[in-house]
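Residue numbers (my numbering): 4 to 208. Positions of the beta carbon are idealized from the N, C-alpha and C atoms, including for glycine.
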Amino acid sequence: MKRKHMSGKATLLVLAIASSVGVLGANDTLSSSAAQVAAPAAQAPASNPTPKAEAKSPSTQPSTAGQIHVPVMKSRPGITPVHYEPNRFSRRANLYYALNWGVDSLRVKYAESGEIIRFSYHVLDPNKAAQLNDKKAEPALIDLQARVKLVVPTMEKVGQLRQSSTPVADRSYWMAFSNKGRLVKPGHRVSVLIGQFRADGLVVE
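Put into structure tokens, the structure is as follows:
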């Protein structure tokens with residue numbers, strides 16, 4: 004009986020030890036799981052750092068980099084080339100020369116690099132235009148702007164630089180005035196005198 008009693012105690016002790024071990028094992032497992040869960044929390048920083056300021060979004064306005072701003076210039080009136088038109092007499096003037104002197108198309112040209120001023124005319128009526136070809140009538144060209152009076156020079160073996168033959172209808176004639184020093188220039192207004200004939204306001208071409 005005593006052995007059975009001791010055997011029963013031994014059995015109870017073994018069961019108690021086994022039960023104790025089993026509880027401790029469960030506690031250990033629980034503690035281990037809790038430690039694993041707590042570890043990441045311990046590793047996390049105590050406080051979250053202040054987030055960096057977000058970069059400003061690019062401006063939606065178009066960039067002017069690389070663009071060339073050309074200043075707007077106000078239009079200026081163009082400079083129109085001057086065209087000398089010495090034959091642009093009024094209708095009345097043309098009629099005057101045609102009726103009284105039998106000529107038209109009076110022109111004065113700057114020739115031979117300015118050394119010569121050439122006067123030409125077109126004959127309509129030979130009888131009325133005869134005085135312009137008269138050898139006795141001394142031609143002269145007057146330029147009030149240059150304050151000069153030019154004459155037709157006489158060349159050796161040639162005579163005066165003018166056509167003095169009897170005028171013929173529908174033909175053009177000319178005479179040349181010496182412009183020594185080139186005082187008479189294109190654009191000047193001049194007068195041509197031949198005997199009683201006088202033409203004013205002729206523009207040098």
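Apart from the five residues on each side of it in sequence, which residues of its chain come closer than 7 Å, Cβ to Cβ, to residue i?
i	result
A149	L186, V187 and H191
W177	R121, F122, S123 and Q166
Q199	Q134
V94	For the record, residue 94 in the displayed sequence is Arg; it is not Val. Closer than 7 Å at the Cβ level, and outside the excluded window around R94, lies no residue.
K138	S167
N182	G117, E118, I119, I120 and L153
S23	For S23, the predicted model reports a pLDDT of 46, less than 50, meaning its position is unreliable and no value from the coordinates is stated.
V151	L186 and V187
List the DSSP bridge partners of residue i.
i	result
Q163	T157
A179	R121
V106	V126
V193	L205
Can you tell me which of the three DSSP states residue i falls into?
i	result
A94	For the record, residue 94 in the displayed sequence is Arg; it is not Ala. Helix at R94.
A114	strand
K152	strand
G198	coil
A143	strand
L186	coil
L132	According to the sequence provided, residue 132 is Ala. The question's Leu does not apply to it. Note: A132 maps to coil in three-state DSSP.
A172	coil
Leaving out the 5 sequence neighbours to the left and right, which residues in its chain are closer than 6 Å to residue i when beta-carbon positions are compared?
i	result
H194	It should be pointed out that residue 194 corresponds to Ser in this sequence rather than to His. So the list reads I145 and D203, once near-sequence residues are dropped.
R174	V126
N1	Because the chain is modelled from 4 through 208, residue 1 falls outside the range shown and cannot be assessed.
T157	Q163
G105	L127, D128, K131 and A132
To which residues of the same chain is residue i closer than 8 Å at the C-beta, ignoring the five residues directly before and after it?
i	result
D107	N97, Y100, A101, Y124, H125 and L127
P142	F122, V154, V155, R165, M178, F180, V195, L196 and I197
R201	S194 and V195
Exercise. Counting pairs of beta carbons, one from the segment 120-136 and one from the segment 162-177, are three or more of them closer than 8 Å?
Worked result: Result yes; three or more Cβ-Cβ pairs closer than 8 Å.
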